[in-house]
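One structure is given here, and the rest of the page talks about it.
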Amino acid sequence: MGILIRDILEESAKKFADIKAVKWLEKKEVHERSYSGLMENVIAVRKGLQAEGLNGKHISLIGTSSVEWIESYLGIITGNTVAVPLDAGLPEEDLVDLVNRSDSEALFLSPKNKALLDGILAGCPKIRKVWILQEESLDVSDGKTASLGALKAASGKCDSDTSVPSPDDVATIIFTSGTTGKSKGVMLTQNNLATNVASVDYTTDPGSILLSVLPIHHAFCLVMDWLKGFSLGTTICINDSLLHMVKNMGIFKPQVMLMVPMMIETIYKRLASADAAIPKKVLADNVFGGNLKIIFTGGAHLDPFYIDEFAEYGVEVLEGYGMSECSPVISSNTPETHKAGSIGKPLPNAEIKFENGEILVKGSSVMKGYYQMPEETAETLKDGWLHTGDKGYMDEDGFLFINGRVKNLIILSNGENISPEEIENKLALDALVGEVIVTGEDNGLTARIYPDQDVVAAKGLDEEAIKTALQAFLDNYNKNQPTYRQITGLVIRKNPFIRSATKKIKRQEALIDEPLPMA
Amino acid sequence: MTKEMQFKTIVAQYCKVKPEDMNNDMRFREDLGFSSLDFMSFLGELEDTFDVELEEEDALKVLTVGEALELLERL
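First to last, the sequence lines map onto chains A and B. Take the first sequence: its letter number 512 is residue 512 in our numbering, and every next letter is one higher. Convert by adding 519 to the 1-based position in the second sequence; the result is the number in our numbering.
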């Protein structure tokens, strides 16, 4: 038993055929695709993949939100193939590693990221096909690269549509930061995704406008903006850049949006700094576009202060909780049932219990496991219970609250989960870095470095020279990193880190004994 | 209001430093406490206020107040 994303999408294509499914900007003009047009393209992609002999294979996608990206993604997961969405902002070496570790045999690549093509073809021997996410044909003759338009045209070679996947088949692999410093591929089945879509208690009229501003490779955006949105017949508008989020709210006039807390904090700064003489309704119309009623937020903790503040501008902020491993939503406040400060009531398909304060989840949206990582899977999934790594409790009304973390993972307010060890391993490569710990403060990452004393002595460096050298090293490191992995604070320690009896650095002590200087 | 003052007034929306206390060496993230998203939103506001179009990739390389002012002057 179980349900499929293919069933959900086919039903929407029938029910909402003429409604606009996606709107986007191209050279400042709004373009649109109807549900029937979207479905045609999705079928063409999956038949094309079948014609290329890719049934049962893994296929990566690299790019930011676009109609071509989502049609390709849906083509993959509604057929017999597995989609691996990757963060286009990662350095090339990381992307090569993830394409290889996911055993991907084909790739969809956005035109903006074409510079990655040679590196990926050279570094990923299993890749036999790359489709650039554009309709126009390409002037490339490497035998491997073609346009999305060419793939869809190849679908004509297949008379029959692909067979229907089974609910227990893996539909997608989403990479998430691991606490061991190596990102893990979360395997989500058809049923995991489809039951998450069906279990989130939110409905809206077909044709309602949603503006999608989150990164599409994230489970929260992919499942809740796109899959949930499509299930309701929503018109999903693509925010072309975070520079233009407010401007695009004015263009598309959304009724609902999904955001991470950092976005809410940034918008609030704009609201709060406006001239007090401007009526709140006028200001809200200017900033939110005039129709925004609901913001769903998740991915990190939101200070309840913002819920009250946004309510004054006529916008209800509803906080939820989830993780990629749960497809991703575990609990959510809803327009009907909500409590400020809580992360809402668990979804009907999620059973919750607590073990030493840690939140454990069981249910139809809990992942199959981590791809090719049996040990990590066994550590996280025990007797079907997913260990979330978050500490929390449930109040007498059934609302869930979070009050701490078990695992060593930094959660920034943009919802990005950062494994400090992953970055520390890279920073430790500099000769001047003796010991390093990365911590999360003020919405950014701070490197706490104890300089290598032998290098300091050998080079005769004074305090200022050490600072200059380390800052130059960090600036250089930052250049190749997505913004959320950049180091924005530096503490140069006078003393080595305090260590436990097992010689592990005591991370919490590092925050206190030599704190970040005040700005 | 001069262009520079107008620019600094926008910066001040996102931090606790007053326009008159800002200097060109101040770093947006490290010294003024901008989050990554504050910075992007700020760039969007620059575009709207001064009616310019920024090359996103170049604009995101900007670290200091002075560099942002220079970028604006070049447009």
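Just so it is clear, CB atoms sit at the ideal spot from N, CA and C, and this is done for glycine as well. Note that the structure is a prediction, hence the values are computed from the model and not measured.
- By DSSP's assignment, Val-30/A forms a beta bridge with Leu-25/A.
- Three or more Cβ pairs closer than 8 Å define a contact, and the stretch 412-419 of chain A meets that threshold against the stretch 291-309 of chain A.
- DSSP places Ser-60/A within a strand segment (E or B) once states are collapsed to three.
- Distances from the alpha-carbon of Gly-363/A to those of Asn-356/A, His-387/A and Ile-343/A put His-387/A closest.
- Leaving aside the five residues that flank Ile-19/A on each side, the residues in its chain whose CB is nearer than 6 Å to its CB run, in chain order, Tyr-35, Pro-206, Gly-207 and Gly-233.
- Arg-548/B has a beta carbon lying within less than 8 Å of a beta carbon in chain A.
- Annotated three-state conformation of Phe-108/A is strand, per DSSP.
- Spanning the alpha carbons of Ile-77/A and Ser-500/A requires a straight line of approximately 47 Å.
- For Gln-50/A, the closest alpha carbon among the candidates Ile-343/A, Val-287/A, Val-164/A and Leu-516/A is that of Val-164/A.
- Residues of the stretch 225-258 of chain A with a C-beta atom less than 9 Å from some C-beta of chain B are Ser-241, Leu-242, Leu-243, His-244, Met-245, Val-246 and Lys-247, listed in chain order.
- Around the beta carbon of Leu-400/A, 16 or more other beta carbons sit within 10 angstroms, so the residue counts as buried.
- The C-alpha of Gly-37/A lies about 47 Å from the C-alpha of Glu-424/A.
- Inter-segment contact for the stretch 280-297 of chain A and the stretch 345-355 of chain A is absent: fewer than three beta-carbon pairs are separated by less than 8 Å.
- In the three-state reduction of the DSSP assignment, His-387/A falls in the strand class, which pools E and B.
- Taken in chain order, the whole alpha helix (DSSP H) runs of length 4 or more contained in the stretch 292-361 of chain A are 305-311.
- Annotation for Ala-171/A: Ile-5, Ile-77, Val-82, Ala-83, Pro-165, Leu-188, Thr-189, Gln-190, Asn-192 and Leu-193 place their beta carbon closer than 8 Å to its own, counting only its chain and skipping 5 residues before and after.
- A distance below 6 Å between beta-carbons, with the five flanking residues on each side excluded, links Ser-102/A to the following residues of its chain, in chain order: His-58, Val-84, Ile-173 and Gly-185.
- In the three-state reduction of the DSSP assignment, Tyr-450/A falls in the strand class.
- DSSP places Arg-128/A outside both helix and strand once states are collapsed to three, so it counts as coil.
- Closest option to Ala-115/A, judged by alpha-carbon separation, among Pro-451/A, Cys-158/A, Ile-62/A and Asn-80/A: Ile-62/A.
- Under a criterion of Cβ atoms nearer than 9 Å, the residues of chain A adjacent to Asp-557/B are, in order, Met-262, Glu-265, Thr-266, Lys-269 and Asn-443.
- Pairing Gly-322/A with Ile-343/A, the inter-Cα distance amounts to about 9 Å.
- Between Ser-555/B and Arg-270/A a beta carbon distance of about 16 Å is seen, past the 8 Å cut, so the two are scored as non-contacting.
- At a cut-off of 8 Å between C-beta atoms, Gln-525/B does not count as an interface residue with respect to chain A.
- CA-to-CA, the gap between Gln-134/A and Leu-151/A works out to about 10 Å.
- Partner residues in the beta bridge of Val-438/A, as assigned by DSSP, are Ala-447/A.
- Of the other Cβ atoms in all chains shown, fewer than 16 fall within 10 Å of the Cβ of Gly-119/A; this residue is therefore exposed.
- Around the beta-carbon of Asp-225/A, 16 or more other beta-carbon atoms lie within 10 Å, marking it buried.
- Ranking Asp-87/A, Pro-125/A and Leu-25/A by CA distance to the CA of Asn-100/A puts Pro-125/A first.
- Per DSSP, reduced to three states, the secondary structure at Ser-141/A is coil, with no helix or strand assignment.
- Using beta-carbon distances, Gly-489/A counts as an interface residue toward chain B, with a partner under 8 Å.
- By DSSP's assignment, Leu-400/A forms a beta bridge with Met-394/A.
- Contact between Gly-585/B and Asp-550/B fails: their C-beta atoms lie close to 12 Å from each other, not under 8 Å.
- Those residues of the stretch 569-592 of chain B placed with their C-beta closer than 9 Å to a C-beta in chain A are Leu-573, Glu-575, Ala-578, Leu-579, Lys-580 and Leu-582, ordered along the chain.
- In the three-state reduction of the DSSP assignment, Asn-417/A falls in the strand class.
- Secondary structure at Ile-19/A: coil, using DSSP grouped into helix, strand and coil.
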